[in-house]
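As given, the protein sequences belong to chains R and W, one line each in that order.
Those letters in the first sequence? Residues 65 to 259, per this note's numbering, in order.
Those letters in the second sequence? Residues 20 to 393, per this note's numbering, in order.
A short write-up of the structure that comes next.
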Amino acid sequence: MTLVLLDTNAYLRLAKRVRPMLGIKFGQKEYVLTILKITEDEVHKSSRLRYKFPWFDNPELAAERLAKQVRLKPDEKQLIDITQGIFRRHVVENAANYKTPPSPADCYILAFGQVRPAIVVTDDLSMHTLAKEFELDKSIWHGYEPLHKMLSGKQINKQLVVEVYEALENNGDLPKTWHDAKHTAFKKIFGSKPN
Amino acid sequence: MRKIINQNTLQQALKKQGWTQSKLAAEVGVSAQSVTNWMQGEGFPRPATLLKLATLLRLSFEQLVKTHDDDRPVVAFRKKANAKTTNNHINKAAEIGMLLKPLVPYLPEMRVLRTLITSPSIEYSKLQIAVSQTRARLGLGDQAVLRYEQLIGEFSDCGAILVPVLWGAKGKHENAMHIRLPAEDVTFIFVNLDTRIEDFKFWMAHELAHVFTPDLAGKTEGEDYADAFAGSLLFPRASAEAAYAKANRRHRDNEKINELLHYAHTHSISVNTVYQRVKEYAIDAQLPPLKINDRAIHKIRNSISGPLVSEALFDPMPPSAQQYIANAENIFRSTFFHAFKQMILDKGVEFGYLQQILDLSIADAQALHEELSH
C-alpha cells in the first residue's frame, strides 16, 4: 500500500465530486488517499474557506475524513517535529527561493510524508521547490496526479475527470499545472494542445 | 548564512548511539572525510544529508547546527498586559526576521550616519541629558507636548523601517515587535495601530530608544533602558517638576491625582507615566514623595479608555487596502510596502509571503497583494 496525503487545497479540489475518495486502494501500487486533521482545522478556522466550500461539512464527507484519519505514534510525532523543523528552517534561510515560503503547516505535511511515508499531493509550487531542494521529487505530486492515477486504476471514469475540470475552470480555480496536464496526462480526454 | 555542525552535540549523539564516525558516514551515505570535516567545523551537509543526520540522531536543527550571531535576527516585543512571551513567540518573530531578509535589497539606501546613545544609563541625570538632547533635535522645549508623529522621522533617520499593522485590540501576544537584522544593519518595527493613543506613544518612544541603542537589542537591560527613556522623553524632568509642585499643594489624594490626570490628558500619556516620572523626580531632587496610593493610580489608569489610533486614523474602520498602504507611506513614512511592491514585480512573490511576514488573514493578505500588484 502507498499512502497519498492530500494537502487542503488538493482535497478541496477533488472531494466534492470524487466519492468515496479516502481510504480506498487503487492502481497497481495500491495507492490510498488520506488527509490530516490540520486540513479540518484549517477549513474550520477560515471563514473564507467555509464560505467557499460549504459542502466540506456534509456529514458523509466529515464521517469519511474522521474514519480515515491517520493516527501517529509518539516516535513518529518526534520524527515529524524534527523533520518539520529542518524544512522550515531551510525555508526561512532561503526565503528568496520561494514565491510563497512554505508555511509551518506546509512543512508539517511534507514532514509527515517523509516519516510515514506518504506521497504528498499539493498544487503549491513552492512546496515542490522545497521537496526538490531536499531531493524528494519522487515523494510529491501535483493535484491532478491522483486524479490521473485514479483514472488509470479505473476507480473513476473520464466523465468525472471532465466534471472536475469544468468545476475548477468555472470557479477560476484551475492551477496552471492542471491546465497543462489537460493536454499531456489527460490527452485521451481533452486531446492535444491546440496550436 | 554561516553555519557549522555543532561538534559537541554530534559527538554526544554518536556516543549515545554507540556509533563511530565511519558508521555515521555509512548510515548517512557520505564519505568518512565529510564527517571528519563536520567534526572540525568545516563544510556543511546538503539539505537532504542534514535531514538524514537529524532524523537518524534524533536532533533538532537548533541542537545540530550552530549559526553565526550576526545572521540571527534579534527580536524584542512590546507585549500586551498579562501576555506571556514563550519560545514560540520568539521563534515566530525570528522566522519573520529571516523572511524579511530578501526584502532588504529593495529598501531605499539607508543612512549611514545615525543617532546613537553611546553610554545608555538609567541613572536619572544621564537619562535626562539623553532625553533633553533628543527633544532638542526634534525642536521641542522641555515641557512641550510630544506627538508620536514627531518621532516618525527619527526612525527612518536611524535605519529603522516602521511597519504599521492592524492586529486587533485583543487576542494577540504583542502590540509592537522589533526585529533587528544585524548583518543587514536594518531594523523593522511593527506597531499595532489598534492601540490606545497613550500606549501607542509610549511604545513609539520605547522603540526609538531601541533604535538609538542597537547594542542592547534583545537584552533585558535594553528593555529597562527603553522603558525609562520612553517615560522620560514623554514627560521629562521639567514637566515632572511642575506636576510635583502642583500636586503637592493639594491635600487630598483625589485632588493630587486630578492634578496628575490633567498633565496626562494634556500630554496624551498614561497617568501612570506621569506618576512614575514625578516619583523619580522627587527622589532625585530629595523631596518628600507625593502621598498617593499606587493602587489608586493603577485603578484610574485601567478605567480610562480613549479611542484607538486606528480609529482616529481610519474613520470609518476598517480601511481599504489602498487607504492602509497610503497611510503607512504618508503618515508613518514606511518604505516597507514600496519595497514589497518592487519584490512582487521583480520576483513575482505571492500573497502568502505577505501573510507570513505581517501575520495576516488570507483575505487581508490577498487584498494587500492585489493593491501592491497594480
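Even for Gly, the Cβ is constructed at its ideal location relative to N, Cα and C.
Within the same chain, and ignoring the five residues on either side of E390/W in sequence, the residues whose Cβ sits closer than 7 Å to its Cβ are A340, Q341, I344. With a threshold of 9 Å between beta carbons, F80/W makes contact with chain R. When DSSP reads this structure, P183/W sits in a beta bridge with V210/W. DSSP places Y95/R in the strand class (E or B) of the three-state scheme. With its beta carbon at least 9 Å from every one in chain R, E390/W lies outside the interface. DSSP places M196/W inside the beta strand (DSSP E), whose first and last residues are 193-200. For V164/W, there is no enclosing alpha helix (DSSP H), since its DSSP letter is neither H nor E.
Residues of chain W whose Cβ lies closer than 8 Å to the Cβ of E157/R are, in chain order, M20, M117. The distance from the Cβ of P210/R to that of L97/R is about 6 Å, consistent with a contact at the 8 Å cut-off. Considering only beta carbons, the part of the stretch 45-70 of chain W lying closer than 7 Å to chain R consists of P66, A67, L69, L70, in chain order.
Assignment of beta-bridge partners to L70/R by DSSP yields V185/R. For K257/R and D244/R, the gap between their C-alpha atoms comes out near 9 Å. Secondary structure in the stretch 358-390 of chain W: no beta strand (DSSP E) run of 3 residues or longer lies completely within the stretch. The CB of R112/R comes closer than 7 Å to the CB of I381, A382 in chain W, given here in chain order. One finds L143, I146, T147, I150, Q178, V179 in chain R with Cβ atoms closer than 9 Å to the Cβ of T74/W, taken in chain order. Against chain W, the beta carbon of R135/R has no neighbour under 8 Å; the closest one sits roughly 20 Å away. Unbroken alpha helix (DSSP H) stretches of 4 residues or longer found wholly inside the stretch 120-164 of chain W: 143-157, given in chain order. Within the stretch 114-144 of chain W, contact with chain R at the beta-carbon level (separation under 7 Å) is assigned to E114, M117, L118, K120, P121.
Any Cβ of chain R closer than 9 Å to the Cβ of F359/W would place that residue at the interface, and such an atom is absent. The criterion of a C-beta distance shorter than 9 Å is not satisfied by L86/R and R152/R. For Y343/W, the nearest beta carbon of chain R is not closer than 9 Å to its own beta carbon. For the pair N110/W and V225/R, the Cα-to-Cα distance works out to about 43 Å. Here S144/W is exposed: its Cβ has fewer than 16 other Cβ atoms, across all protein chains shown, within 10 Å.
Assignment of W119/R by DSSP, reduced to helix, strand and coil, places it in the helix class. As the crow flies, the alpha-carbon of K93/R is around 6 Å from that of T66/R. DSSP links I23/W through a beta bridge to K85/W. If you look at F248/W, you'll find it in the alpha helix (DSSP H) that goes 239-253.
As the crow flies, the alpha-carbon of F254/W is around 22 Å from that of K99/W. At least one CB of chain R lies nearer than 9 Å to the CB of Q375/W. Residues of the stretch 94-112 of chain R that bring their beta carbon within less than 9 Å of a beta carbon in chain W comprise S110, S111, R112, in sequence order. Secondary-structure assignment with DSSP links A95/W through a beta bridge to H197/W. Residue-level contact check: F370/W touches chain R, since one or more beta carbons of chain R fall below 9 Å from its beta carbon.
Rounded to the nearest angstrom, the Cβ distance from I150/R to L135/W is 38 Å, too far for a contact under 8 Å. Identification of residues in the stretch 185-210 of chain W having a C-beta nearer than 8 Å to some C-beta of chain R yields an empty set.
Taking 7 Å as the Cβ-Cβ cut-off, the stretch 188-205 of chain R approaches chain W at E197, F198, E199, given in chain order. Under the DSSP assignment, C171/R falls in the alpha helix (DSSP H) whose first and last residues are 168-179.
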